[in-house]
Amino acid sequence: MQQKSKLPEGWTWADMSDIFVWANGKSLPKKNMESGNYLVYGGNGINGHHTKWLSSEECIVIGRVGANCGNIHLAKSESWITDNAIYSSWSSKNISLKYFLFVLSNCKLNEYSSGSGQPYVSQKTLASQTIMLPPFAEQHRNVSAIEELFARLDATNEKLDRVLEILKKLRQSVLTSAFDGKLTEDWRIIFQNSNGKNEIFQKNIHVNSSYLSEKPMIPDNELLPILPNSWFWATIEQLASIEPRSIQSGPFGSNLLHSEFQETGVLAIGIDNVLYRSFSLGKEHRISNEKYHELKKYTTRPLDVLITVMATVGRCCVVPQDIETAIITKHVYRITPNREVISSYYLMNALSGAATVKEQIDNQIRGQTRPGINGKILKATSIPLPPLPEQQEIVKRIDALFAFADSIEAKVKAAREKTEKLRQSILAKAFSGELVPTEAEIAKREGRDYETAEVLLERIKEERRKSGKKR
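All residue numbers for the sequence shown refer to our numbering, where the first residue is 138 and numbers rise by one.
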C-alpha cells in the first residue's frame, strides 16, 4: 500500500478493487502439462506450455505463497495460470497494465504472511491496496521512462556480472598455475641462484624425498601430470602427521545426536563452520563437558586442515591457531599434516582448487547415490609437493592475488547494491509524479484541457459496472 501523501496535480487516490478483479490460478501438475501453444505461468514466471488457456486477456500474475510470494509477472493473452499464483481475471481497459506491474512490485507483497508466518498473498490483500492514480497518458510516459532507465541499470548489472565471472576464472587460473609450478617459476630460478638459499632449497628436496620413501602408498606417477624437477607427488596419507588419528572423521550415528547440541559448552565443528578457504564460527553447536570427554578423540588441533565430505563436498579451511577446545562432527574430516614437509595452508589450497586433486576425488565419488568422500579416498588422494620454502611462496602469492580479486568483488557488489537502490529511487519518483512531466504541467504548457485521474477513475468504475464484475 502506498503511503498517504500530497498528490501531484491531476492525480487521485484509488482502491485496487476498483481497477482489478483477482482470482486464484488452477492446478496443473507437471505430469498433466502438455506441450502446446499456450504459456503456463506460476509463481516463478513461465514454467511450461499447455494446450489450453485460462485467461483470455493479458494479465498480471503474482506468486501467492512461499518462496515465490510477491513475484510479479505480466502474462500474455491466452495463458494458463497455476494455483500457486493469483492473476487479474479482469482489469480496466483504461489503464496501463505495465504501470500497475511496477506499482505492485513496489508494494512489498512478499512481506505479507499467513497465520503460520509463511509469506502469503490473498485476493483480499491485493483488493485492499490503495494507490496513487495518475492520468492515463502519464501512466504510459512513466512506463517508458522506467523501462529506459531500468534497461540502463540492467546493462550495467550485466557488465558487473561479467566482472564477477572474470574474477571467478582468475581465481581458478591462479590455483591451476599454483599447483603445476607456473605461478612460482620465476621464484624458483631466483631462489636457486641465490647464495645460501639454494642450500636450503636442496635440503628441503632431500627431506621430502627421504620422508616420502619411507611412507606407504606411493601414487602411480604415470597417471599424474609431470611436475617441476624439485617437486614430488605424495598422497595425503604420506603427508599426514605421525600423531594418532591424523586423518579422522567426526562421530557418526548415535555417538552424537543433534538433540545433544546446546548453546554453551565445547564447540562442535560442522559443515557450517567450514567455508571456502576460511573457518567461521557460524552456527555455534556446542556439547556438554561430559559429552566432550566421551568424544575427546575427535578433538581438532590448531592448523588442522578440515574438509567437508558430505552435502557440499570438498570445502576446505585451516583451523585457526587460537581455536578453543573443539571437536569435529560427522561430514567433516580433519587432517593433521606433517608440517615439516607440508604447510597446512598449502594443503588447504591444493584441496580447494588444484585441478588434478579435484579430478582424483571426483573420479572416486562419481556414480555414488550420495556423493561423499571417505577415508580411503582422502588418504589415497595425491598432492603436488614442492619444497617447503616454495609452498610458503605459493601460499603468499595465492593470498595476494585472491585479496586483489576480493577487493574488486567487494566494489562490484557495492555497485550492484547501488543499482538496486537506484531502481527503487526511480520507482519512488515515478509514483510521486517526479519522474516525468505531469499531464497537468504539459496541458498548461500547451494551453489545453486534460482528463484528470479523478475523471479517469469514474470511467473505470463505470466500465466495471457494465462488465458485471463484482468488487
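No residue lacks a Cβ here, since even glycine has one placed at the ideal position from N, Cα and C.
Asked, Found
"DSSP has Ile444 in a bridge; who is on the other side?", "Cys453 and Tyr470"
"Could you check which residue in Thr313, Tyr483, Cys454 and Leu393 has the C-alpha nearest to that of Ile424?", "Leu393"
"Per DSSP, what kind of secondary structure is Leu364 in: helix, strand or coil?", "coil"
"For Asp459, report the span of its beta strand (DSSP E) as first-last.", "First-last for Asp459: undefined, no H or E at that position."
"Excluding five sequence neighbours on each side, which residues of the same chain lie with their C-beta closer than 6 angstroms to the C-beta of Ser172?", "His186"
"To the nearest whole angstrom, what separates the beta carbons of Tyr249 and Thr262, a pair I think is in contact under 8 angstroms?", "5 angstroms"
"Using CA coordinates, which residue listed in Asp291, Arg471, Ser233 and Asn426 is at the minimum distance from Val446?", "Arg471"
"Taking buried to mean at least 16 other C-beta atoms within 10 Å of its own C-beta, is Ala222 buried or exposed?", "buried"
"Taking 8 angstroms as the cut-off, does the stretch 488-500 touch the stretch 400-409 (at least 3 CB pairs, one atom from each stretch)?", "no"
"Decide if Asp441 is buried, meaning its Cβ has at least 16 other Cβ atoms within 10 Å, or exposed.", "buried"
"From the DSSP output, read off the bridge partner residues of Asp152.", "Thr267"
"How would you write the range of the beta strand (DSSP E) that Ile183 sits in, first residue to last?", "Gly182 to His187"
"Measuring straight from C-alpha to C-alpha, what distance separates Gly672 and Ile502?", "It is not possible to answer for residue 672, since the shown part of the chain is limited to 138 through 608."
"On the criterion of 16 or more Cβ atoms from any shown chain inside 10 Å, does Ile303 qualify as buried, or is it exposed?", "exposed"
"With DSSP as the reference, label Tyr429 as helix, strand or coil.", "helix"
"Have a look at Ser544 and Tyr413 and give me their C-alpha separation to the nearest angstrom.", "17 angstroms"
"Assuming Gly490 is part of the alpha helix (DSSP H), what are its boundary residues?", "Ser481 to Gly490"
"By the three-class DSSP mapping on this structure, what secondary structure does Arg507 have?", "coil"
"Between the Cα of Val177 and the Cα atoms of Lys230, Trp217, Glu322 and Ala580, which residue gives the shortest distance?", "Trp217"
"How do the stretch 203-214 and the stretch 540-559 stand: do at least 3 beta-carbon pairs fall below 8 angstroms, yes or no?", "no"
"Which residues mark the beginning and the end of the beta strand (DSSP E) in which Gln399 is found?", "Element bounds for Gln399: n/a, residue is neither H nor E."
"Using a Cβ-Cβ cut-off of 6 angstroms (strictly less than) and excluding sequence neighbours within five positions of Ala463, which residues of its own chain qualify?", "Leu404, Ile406 and Thr437"
"Quick check on the DSSP output: the alpha helix (DSSP H) that includes Ile303 runs from which residue to which?", "Phe273 to Phe316"
"According to DSSP, is Leu246 helix, strand or coil?", "helix"
"Less than 8 angstroms between the CB atoms is what I'm expecting for Gly179 and Thr219, so what's the real figure, rounded?", "4 angstroms"
"Quick check on Arg423: does DSSP put it in helix, strand or coil?", "strand"
"Would DSSP call Pro256 helix, strand or coil?", "strand"
"Looking at C-beta atoms only, is the number of pairs between the stretch 184-199 and the stretch 550-560 that lie closer than 8 angstroms three or more?", "no"
"Compute the Euclidean distance between the alpha carbons of Glu146 and Ser233, then round it to the nearest angstrom.", "19 angstroms"
"Anyone know if the C-beta pair for Thr321 and Arg476 falls short of 8 angstroms?", "no"
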